[in-house]
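Presented below is the structure to which this report refers.
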Amino acid sequence: MTSAAPDYGGLTGYEPISEADRKEFLDQGFLLVRNVLKEDHRAQLEAAMDRVYAEEQAAGSSSMKKDGTLHLLGFLTRDELFGHLLTQPTLFPYMWGLAGWNIYTHHNHLDVTPPAAATEAPSWGWHQDGYRQNSDPETMDPNLPRPMFSLKIAYVISDLSEKGRGATKVIPGSHLWNSLPRPADTTIENPDPEGTVEITANPGDCFIFDRRLWHSRSPNYSDITRKMLFIGYTYRWIRNLDDMPIDYDSEWWANRTPVQRQLLGEATHTANYWGINWNGYIDEEIPLRKELKTRGLLDRSIPWLR
Numbered sequence: 001m002t003s004a005a006p007d008y009g010g011l012t013g014y015e016p017i018s019e020a021d022r023k024e025f026l027d028q029g030f031l032l033v034r035n036v037l038k039e040d041h042r043a044q045l046e047a048a049m050d051r052v053y054a055e056e057q058a059a060g061s062s063s064m065k066k067d068g069t070l071h072l073l074g075f076l077t078r079d080e081l082f083g084h085l086l087t088q089p090t091l092f093p094y095m096w097g098l099a100g101w102n103i104y105t106h107h108n109h110l111d112v113t114p115p116a117a118a119t120e121a122p123s124w125g126w127h128q129d130g131y132r133q134n135s136d137p138e139t140m141d142p143n144l145p146r147p148m149f150s151l152k153i154a155y156v157i158s159d160l161s162e163k164g165r166g167a168t169k170v171i172p173g174s175h176l177w178n179s180l181p182r183p184a185d186t187t188i189e190n191p192d193p194e195g196t197v198e199i200t201a202n203p204g205d206c207f208i209f210d211r212r213l214w215h216s217r218s219p220n221y222s223d224i225t226r227k228m229l230f231i232g233y234t235y236r237w238i239r240n241l242d243d244m245p246i247d248y249d250s251e252w253w254a255n256r257t258p259v260q261r262q263l264l265g266e267a268t269h270t271a272n273y274w275g276i277n278w279n280g281y282i283d284e285e286i287p288l289r290k291e292l293k294t295r296g297l298l299d300r301s302i303p304w305l306r
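Now the structure itself:
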């Protein structure tokens with residue numbers, strides 16, 4: 001596999017997002033972006049996913065269920081193409097544009113969901129991401145939303161253009177809700193909450209969502225295997241969620257850019273994770289901030305881009 005990043009016609013990943021996209025994300029809690037991946041790039045990613053799936057299957061991986069469903073955490077180091085996704089030029093502007101420069105990936109997973117062999121038992125899968133982030137910083141005011149803390153990119157690798165193929169369900173605008181009414185009995189089939197949308201998308205599309213957005217998986221009752229790649233980004237002062245060992249002597253690590261290394265958790269010292277240096281308030285050498293400053297993209301009117 002070549003170490004060169006896929007060519008996207010001169011896009012750098014530092015083209016600012018539109019105010020319309022920013023507003024839609026802030027209002028709805030998610031954003032569907034079409035045609036993010038060129039077809040040859042998407043096909044290469046799918047081939048890499050298939051190889052990893054075969055490896056996990058052969059190894060009897062604990063990440064794989066008996067029905068063949070794979071939910072593999074910390075997948076980025078498994079292929080050179082996955083490493084490039086950290087700064088995918090068609091999507092990276094949304095990460096620094098919506099979350100700022102002091103970020104890294106704390107959580108990423110590769111998902112393969114074969115067609116269900118039987119009807120699934122009733123369950124209630126609606127949730128917000130973040131686990132204790134939904135409890136520890138809680139306020140007692142139900143009208144005061146919790147902080148976003150993180151956002152996630154979901155790359156659609158297989159055809160999810162029709163309902164029933166295991167796509168993610170969301171409730172637009174629910175990222176501003178601290179709770180969602182839960183049925184008294186979840187062992188029976190309950191209707192989806194009012195306002196539910198199933199995100200149907202074509203291969204090569206993606207959606208970006210605020211971790212607070214109430215969302216749920218859905219069963220795959222089609223004859224198509226669902227394949228998706230998820231990369232979450234959070235602030236560098238938050239601990240990583242996944243165990244993703246990195247071989248710092250590997251070619252994979254040697255091929256990573258300074259910004260990608262920041263996004264993989266590299267720092268010069270502990271204060272660096274907080275965006276500061278011990279001899280000054282702002283650490284001017286943090287790779288993503290340095291890149292944005294060089295390109296004139298810092299903006300004091302946006303707190304996370306100061």
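In terms of full-length UniProt numbering, the sequence shown opens at residue 1 and continues consecutively. Just so it is clear, CB atoms sit at the ideal spot from N, CA and C, and this is done for glycine as well.
As computed with DSSP, Ile-103 is found in a beta bridge with Tyr-235.
Closest in alpha carbon position to Asp-79, among Ala-59, Gly-130, Gln-44, is Gln-44. Per the Cβ contact rule, the stretch 266-274 is not in contact with the stretch 139-150 (fewer than 3 Cβ pairs under 8 Å).
Per DSSP, the beta bridge partners of Val-197 are Val-170. When the Cα atoms are used, Ile-246 and Leu-76 turn out to be separated by approximately 10 Å. Contact between the stretch 122-131 and the stretch 277-297 is not established, with fewer than three Cβ pairs separated by less than 8 Å. Counting only the Cα atoms, Leu-288 lies some 11 Å from Gly-275.
Using a Cβ-Cβ distance cut-off of 8 Å, the stretch 220-236 and the stretch 109-116 are in contact, since at least three pairs of beta carbons, one from each stretch, lie closer than that value. No residue range can be given for Ala-118, since it is assigned to no beta strand (DSSP E) and is classified by DSSP as neither H nor E. Take the alpha-carbon of Ala-5 and the one of Phe-209: they are about 25 Å apart. Proximity to Arg-34 across Arg-217, Tyr-248, Thr-87, Leu-91 peaks at Leu-91, based on C-alpha coordinates. Exclusion of the five residues before and after Glu-194 leaves no residue of its chain whose Cβ lies closer than 7 Å to its Cβ.
Shown here for Asn-202: same chain residues with a beta carbon closer than 6 Å to its own, the five before and five after excluded, namely Ser-161 in chain order. Asp-205 is positioned such that its CB atom lies no closer than 8 Å to that of Val-52.
The three-state reading of DSSP puts Thr-113 in strand, counting E and B together. Contact check for Glu-120 against Ala-167 fails: the beta carbons are separated by 8 Å or more.
Taking Pro-183 as reference, the option from Trp-177, Glu-291, Asp-192 with the minimal CA-CA separation is Asp-192.
Distances from the alpha-carbon of Gly-173 to those of Phe-30, Ala-20, Pro-258 put Phe-30 closest.
If you ignore the 5 residues before and after Pro-137, its C-beta comes within less than 8 Å of the C-beta of Arg-146, Pro-147, all in its own chain and listed in chain order. Taking 8 Å as the upper bound for CB-CB distance, Glu-46 and Ile-157 are in contact here, some 5 Å apart. When secondary structure is reduced to three states using DSSP, Ala-271 falls in the helix class. Residue nearest to Thr-69 within the set Ser-179, Gly-83, Ala-54 is Ala-54 (criterion: CA-CA distance). Listed in chain order, the alpha helix (DSSP H) runs fully inside the stretch 25-72 are 39-58, counting runs of at least 4 residues.
If you draw a straight line from the Cα of Glu-15 to the Cα of Val-259, it comes to about 16 Å.
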